[in-house]
Each structure stands twice: as structure tokens, then as C-alpha cells.
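Novice: Right, I'll just put the structure down here and ask away after.
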Amino acid sequence: MDELFLKLDQEVVHSMTSQEGSDSSNPATDRLLISDVLHFANIVTDTVLDGALTYTFAFISLFLRPSALTISTAEDESSRASLAAALFEFLDSVTQKFFSLVECRLQLEACSPDPALLVRAIERIHSRLGNFGRSMLEVLGPEWAQPEAGCNNGKGLLTADQFKARLDDACLRTLLRVVSACSQHQLQLLRLQTADCFTDIRHQLLQAAKAESSSLRDQDSRVGITEIYHGLSRTLVELLRSTLRKLEAFLSPANTLSQVQLFRATFSLENVREGLVAAYLRFLTRFCEDLSMYTPPGLPGVIRLLTGKLCLDWANSGTVGHLLNLADDFLLIGLPKAAALAKSQQQTLFKQMQCLLVNRQDPLTAPGPLSDQFRAVSSLLFTSYVKFEGAQIAHMMRRSVEARDWLKCPEPRSVRSVIRRILEDFNTMDGQVSQLLPVKHRPRDRGSSDFRSWHSSFQTAGLRGSQHASEAGGGSSAKNLELDHTLAYQLRRLFFQRTDIFAPVEATRESILFGVIKIGLKAFVECARTRVFSKFGLHQIQVDCHFLHIHLWKFVSDEKQLQAVLEDVLGSVVQRCIEPELMDDSVVDAVCCTTKSGSNPSI
């Protein structure tokens, strides 16, 4: 037997070295590995099990079965008990080496992409082990199957029935470890395929952005983003379904191992439901959370929007619970269709499940808490998208303020080009967000009087023209008026609700776009506080703010909040202006209308 195990060890080592040095893309090599594991299953069962059975039969015939012509004495009975103890000890040693060798070889095969071959090898080994155990009971005979006929070898009483039970238990535990390793490898492959899927989505988004910037317009890009999102959701679900279909082979009705209810319950609950499906869903939440925390170079901001929408839809539409139910259905795969037999096996299966649940340290994963995790990650992704896009707008605002000498600013004749560029970016963002998230507020038609009301209310709060200061007379009166402007501005801010710039966003179009607007305009406010403005510089900011108000109101649900943020911009410029005199509303409207008629029609 030692020579047999030595040869089998060499076979396993040869398989390990050939698998490590093989090229998985070579079909000839794959066929060689496939034949190797089946060849190993045949050799290990034919040599070890048949050899152990032959040895046991010869040993019992020579030493444990007395001749019918001899009279057995107490000394003979004691001698046979000692020989039986040595026999069981030998069989126990042989089976331990056998299972160690089998597990080592099958663990190698568990790392293969397709477990179909592993299923065949496990079925062959399990069925032949069952035949070996039944044959061993026949060889030992009924005289060694009773406890009183057993022997105490110092480690406890061991009989033929107990040896058979220990053999079945060791076989089940060994094969469960192999199947667990296979399911973990399938989970690892699923993670890699998911990462590749997101890489493909990233390339598609970059190609769509290039196509839009070159020739295509918003309508074409909107259709592309919608298709990309649905394709991402379908692909992730199909990847999980494909992996589950691979593992269904372990519960095929043709496999004798699938008829063992403890194996079926353990495999379905521990390896498939918790080890694969629930672990994969948790991996998705961690993967998406990482996207919200890190900003690697070249990563499009819209991918956070897509993954946030994915997590939100999976949580609200019941997809998370549906995927967990797919794992629960594994319990019934391969059960007989006859009503009486199926009912009996289901009762046994449910008893095994109850035993597993009682012995589990952690409860099974419930759909509710897991869906809550997806919602939390969705909120993080939407907030990350707002911060990312807001940072882009803030960067343009900061550079536009810092690159200009506001003391030598000429009289405004149009809106600055950076404002038009920012509005183009908002139109692009609106085209992306509107496809994926619901519209909470529908914009209504506006008249010129509606646009004019914002500046009128701002001026009546205390900011007047320089002619009012001259009517008051003297430089001291102008200085007091400037103080009145500042005091009125600060008092007005006390009675308005403070706008939280970095507040969590809701999963709506208006909330996300207004979050981006707040970040961009807040940067505008802070940069304006570091500069000194002339009268014409103030007029330019007044025109820009009015133009922004004309086009940004349709992106928000509460226009008063937008007005408050724009007033903060204009108020900070007024405080830093050496001649705080605002333009007349009609002049501002004329400049904005001239800019609108001569600019990009999309604005």
C-alpha cells in the first residue's frame, strides 16, 4: 500500500506541475488536464480501495475466522480481538491517506473555469466509496458489525458499522471542502468578470463622449447612456446566473452525492447562497463604494451616476431579493417529481436545513438589510457624482476669476465665455441625469418680468446707484451708504434659510443638478472675496449672475434657493467693490438678450 500511495503522490505532483506550467488557452493542454483528473479518479479508486478490500478479505480469512474443526478458547478470542484492532487501525490509516490524496488532487481541479469535469470526478469517487463501504461490511461479516464484537484499541470502540459511518462522514466532509473551494473560485472569476464589465462600460462612456464632442448631439448621447445602463444591469445579472448554472451540475439527479440531503442542504445554503450570491452582492456594494471614494485618472464622472442608479434600482425593484431566491431554489434542483417521494425527501432536507441554521454562528443574509446597503451606497455615489462635477465647475469658476484684472474691467457688452461654457456643461449633465433619474419638477414658461424680479428685489434691499449717494451729499454720506449696503445685505441673509452646500442629495434630477450648482457658485463666492472689483467689474458679475439665473432655474425645484446662492455671489462682489453701483434691470436684460441671440442655440 505504501508503494501505491507513493505512485499516486507522484501522480498528483505531476498534475500540479503540469497545471502550473500549462497554457489555459491551449485546447490540447485543457484536454490533457481533463483526462488527468478522470484518470486519477479511476486509478485511486481501483488501486487503493480494491487493494484495501482484497487485503481485508485475506486477513480475515487467515486470522479472524476460526476453523470449524477447532475449539476457540478465551485466549484465541483475545488474540482475534487484537488482530481486529490492528486491521481497523490499518484501514483507518489507509482511508486517511486516501482522502488526503483525493482532496489534494481535486482542489487543483476546483480552480478550473468549468466545474463539469470536477463533478464527474467527485461522482465517480463518491459512488465507488459507497460500494467500497458496502463491500467491506460483507467481507467483515455480521460477527464484526455488533458493538460487543468490536474491540477497544485504546481510542474507543470501533466496529464495522462504525467504520462505515466514519468512512461516509470523512467522504462527505472531504467533498464538501472541495465543492466549497470550487464555489469560491467561481466567485473569484465572477469578480474578475464584473471588473472587466465596468472597464468595458468606462470605454463605452469615453467613446460616447468623444462622439458627442465631435459630431453627435445630446439626443444621440442620451440614447447611448440609457442603453449602457440597461446593458450593465443585464450583464451583471447574467454573469451571476451563468455562474449558478455551472454549479447546478453538483445537484444533478444522476449524481449519487446529490441524494445525500446533508450535502444538498450544506451546498445550497453555505456554498451557493451565502458563499456565492450573498458574497457577490456584498462585493458589488464594496466595489461601488470604492468608486465613490476614489477618483482614479480617466474615470468618467457619469460612471458614478450609472452605478448609483444601478444600486438604487436593485434595492427598490426587488432584484436583490430575487437573486437570493435563485440560490434558495437550489434546494429543489434534482428532487424527484413523484409527490410522495418528493415530500419525504423535502421533509428530510428541511430537517437538515434546520440543523445547519441552528449550528450557524451568523444568521442567513436577509434581503432587507442587504437592500439597505445598496441604497446607502447609491446615496454615496450620487453625492460623489455631485462633488466630482461640482469640482469641475468650481475649477472653471476659480480660474475665470483669478485670470482677470477686475479693477481694469471694461464696461460689459456680453456674458463671459466661461459662463456659456459652464451652461453647456450643465446641459450635458442634464441630458445624462434626466435619462436615469426621475424629474421631480417640470419647468414652466417664463416671461421677462419674471427674470427682472430677482434684480429688482435685490436693489430694493438697499443697493442703489451712485446718484442716490450724491443726492445725500458729501463723501461721508457715500461712506455711510456703503455701510448701509453691507448692513442690509447681512440682515437679509439672517432672515433667509441657509443653503447647505454639501448636503446629501436625493435621487432626483433637480437635487443632483442643484448640488452641482451650489458647489460651483460657492467657489465663485469664495474666489470673489479674494479680489477687488471696479464698478464695471461689478456690472460684469451682475450680467453673469442674471444670465445664470435665466438658464439655471429650470434645473432646480426651488427657485428661491437658486436666487439665494446668486445673491451670495453678487453680495460678496458688492462688498469687494470700490464703487458699489448696480446696473439698471433693463440694461442687464438687454445685454443678456444680445448674448443669447448671438450665442449657441443650445444655451
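Letter 322 of the sequence shown, counting from 1, is numbered 321 in numbering that gives the first Met the number 0, and no numbers are missing. By construction, the Cβ of each residue, glycine as well, lies at the ideal position given by its N, Cα and C atoms. For clarity, every value in this text was computed on a predicted model and none was experimentally measured.
1. Of the residues G129, C526, L189 and S378, which one's Cα is nearest the Cα of W162?
2. Where DSSP assigns a beta bridge to F625, which residues make up the other side?
3. Can you tell me the Cα-Cα spacing of I511 and I518, whole angstroms?
4. Hey, out of R104, L82, L86 and T55, whose CA is closest to N41's CA?
5. Whose CA, out of L298, G307 and S267, lies closest to the CA of R285?
6. Out of L380, F266 and S383, which one is the CA nearest neighbour of L330?
7. Pick helix, strand or coil for L235, following the three-state DSSP scheme.
8. Following the continuous alpha helix (DSSP H) through Q372, name the residue where it begins and the one where it ends.
9. Comparing alpha-carbon positions, which option in L189, R123 and Q203 lies nearest L174?
10. Say whether the region 389–398 touches the region 521–529, bearing in mind that this needs 3 or more beta-carbon pairs closer than 8 Å, one atom from each stretch.
11. Looking only at its chain, what residues have a beta carbon closer than 7 Å to the beta carbon of E108, apart from the 5 residues adjacent to it on each side?
12. Keeping to the same chain, check which residues put their C-beta closer than 7 Å to that of L82; ignore five residues upstream and five downstream.
13. Between the alpha carbons of A84 and V47, how many angstroms are there, rounded?
14. Between which two residues does the alpha helix (DSSP H) containing V524 stretch?
15. Should G570 go down as buried or exposed, given a rule of 16 or more other Cβ atoms within 10 Å for buried?
16. With distance defined between alpha-carbon atoms, name the residue in P114, L435, R530 and V417 nearest to E247.
17. Beta-carbon within less than 7 Å of V587's beta-carbon, same chain only, minus the 5 sequence neighbours each way: which residues are those?
18. Hey, quick one: how far does the alpha helix (DSSP H) through G320 stretch, first residue to last?
19. I'd like the list of long-range same chain contacts for S370, defined as Cβ closer than 6 Å, with 5 residues on each side in sequence excluded.
20. Taking the alpha-carbon positions, what's the C576 to A527 distance?
21. Using the Cβ count rule (16 or more neighbours within 10 Å means buried), how would you classify Q360?
22. With contact counted as at least three CB pairs below 8 Å, one residue from each stretch, are the region 175–187 and the region 272–287 in contact?
23. What do you get for D404, buried or exposed, if any count of 16 or more other CB atoms within 10 angstroms of its CB means buried?
24. Who are the near neighbours of M582 in its chain, counting only those whose CB is closer than 7 Å to its CB and skipping five residues on each side?
25. Would you identify the three-state DSSP class for F425, choosing helix, strand or coil?
26. Return the residue from the list R244, G230 and P579 that minimises the CA-CA distance to T193.
27. Taking only the alpha-carbon atoms, compute the straight-line gap between A258 and L52 and give it to the nearest angstrom.
28. Please report the straight-line C-alpha distance between V414 and K209, rounded to a whole angstrom.
29. State the start and end residues of the unbroken alpha helix (DSSP H) segment that holds Y279.
30. Quick one, are the C-beta atoms of R190 and L298 less than 9 Å apart?
31. Short check: CB of E509 to CB of F554, under 9 Å?
32. Tell me the DSSP secondary structure of I332 in three-state form.
33. Flag this pair as yes or no: are the beta carbons of D290 and R303 separated by less than 9 Å?
34. Within a Cβ cutoff of 8 Å, which residues of the same chain sit near R240, ignoring the five residues on either side of it in sequence?
35. So what's R412 in DSSP terms, helix, strand or just coil?
Specialist: Reading off the structure:
1. Within the sequence shown, residue 162 is the residue found at index 163, counting from 1. Here residue 162 turns out to be Phe, not Trp, going by the sequence shown. Nearest C-alpha to F162: G129.
2. Look at the range of the chain in this structure, 0 to 602, and you will see that residue 625 is not part of it.
3. Against the sequence shown, residue 511 aligns to sequence position 512. Against the sequence shown, residue 518 aligns to sequence position 519. If you take the alpha carbons of I511 and I518, they lie about 11 Å apart.
4. Within the sequence shown, residue 41 is the residue found at index 42, counting from 1. Per the Cα distances, R104.
5. Residue numbering aside, residue 285 sits at position 286 when the sequence shown is read from its first letter. When each option's Cα is compared against that of R285, the closest is G307.
6. The residue given as residue 330 occupies position 331 in the sequence shown. For L330, the nearest C-alpha among the options comes from F266.
7. For this step, residue 235 is matched to residue 236 along the sequence shown. Correct three-state label for L235: helix.
8. Numbered from its first residue, the sequence shown carries residue 372 at position 373. Unbroken alpha helix (DSSP H) run through Q372: P366 to E401.
9. Translated into positions along the sequence shown, residue 174 becomes position 175. The residue with the shortest Cα to Cα distance from L174 is R123.
10. yes
11. Your numbering for residue 108 matches position 109 in the sequence shown. Around E108: V36, L116, L117 and A120.
12. In the sequence shown, counting from the first residue as 1, residue 82 sits at position 83. Excluding positions up to five away in sequence, the list reads F62 and L63.
13. Residue 84 sits at position 85 when you count from the first residue of the sequence shown. Residue 47 sits at position 48 when you count from the first residue of the sequence shown. Going from the Cα of A84 to the Cα of V47 covers about 20 Å.
14. Here residue 524 corresponds to residue number 525 of the sequence shown, with the count starting at 1. From DSSP, the alpha helix (DSSP H) with V524 extends over R508 to A527.
15. Position 571 of the sequence shown, counted from the first residue, corresponds to residue 570. Buried is the call here.
16. As a working note, residue 247 is residue 248 in the sequence shown. Of the candidates P114, L435, R530 and V417, the one whose C-alpha sits nearest the C-alpha of E247 is P114.
17. For the purposes of this step, residue 587 is identified with residue 588 of the sequence shown, where counting begins at 1. Around V587: H454, Q541, V542 and H545.
18. If you number the sequence shown from 1, residue 320 lands on position 321. Element bounds for G320: T318 to D327.
19. As a working note, residue 370 is residue 371 in the sequence shown. The answer, listed in chain order, is A314 and V319.
20. As a position in the sequence shown, residue 576 is number 577, starting the count at 1. As a position in the sequence shown, residue 527 is number 528, starting the count at 1. One C-alpha to the other measures close to 10 Å.
21. Residue numbering aside, residue 360 sits at position 361 when the sequence shown is read from its first letter. So Q360 ends up on the exposed side.
22. yes
23. Within the sequence shown, the letter at position 405 stands for residue 404. So D404 ends up on the exposed side.
24. The sequence position of residue 582 within the sequence shown is 583, counting from 1. If we look at M582 and ignore the five residues flanking it on each side, its Cβ neighbours are H538 and Q541.
25. Reading the sequence shown from its first residue, position 426 is the one you call residue 425. In this structure, F425 counts as helix in the three-state DSSP scheme.
26. Start at 1 with the first residue of the sequence shown, and residue 193 comes out as number 194. Nearest option by C-alpha distance: G230.
27. Sequence index remark: in the sequence shown, residue 258 carries index 259 (1-based). Sequence index remark: in the sequence shown, residue 52 carries index 53 (1-based). This sequence places Gln at residue 258; Ala is not what is there. Cα to Cα, the separation comes out at about 25 Å.
28. Indexing the sequence shown from 1 puts residue 414 at position 415. Indexing the sequence shown from 1 puts residue 209 at position 210. Using only the alpha carbons, I get a separation of about 27 Å.
29. Locating residue 279 in the sequence shown gives position 280, counting from the first residue. First-last of the alpha helix (DSSP H) with Y279: A278 to M292.
30. One-based indexing of the sequence shown puts residue 190 at position 191. One-based indexing of the sequence shown puts residue 298 at position 299. Contact flag unset, no.
31. The residue labelled residue 509 in the question sits at position 510 within the sequence shown. The residue labelled residue 554 in the question sits at position 555 within the sequence shown. Contact flag set, yes.
32. Residue numbering aside, residue 332 sits at position 333 when the sequence shown is read from its first letter. If DSSP states are grouped into helix, strand and coil, I332 belongs with coil.
33. As a first step, residue 290 is located in the sequence shown; it is residue number 291 there, counting from the start. As a first step, residue 303 is located in the sequence shown; it is residue number 304 there, counting from the start. It should be pointed out that residue 290 corresponds to Leu in this sequence rather than to Asp. Contact flag set, yes.
34. Taking the sequence shown and counting its residues from 1, the one referred to as residue 240 is at position 241. Taken in chain order, the residues that qualify are L325.
35. Taking the sequence shown and counting its residues from 1, one reaches residue 412 at position 413. Coil at R412, not helix or strand.
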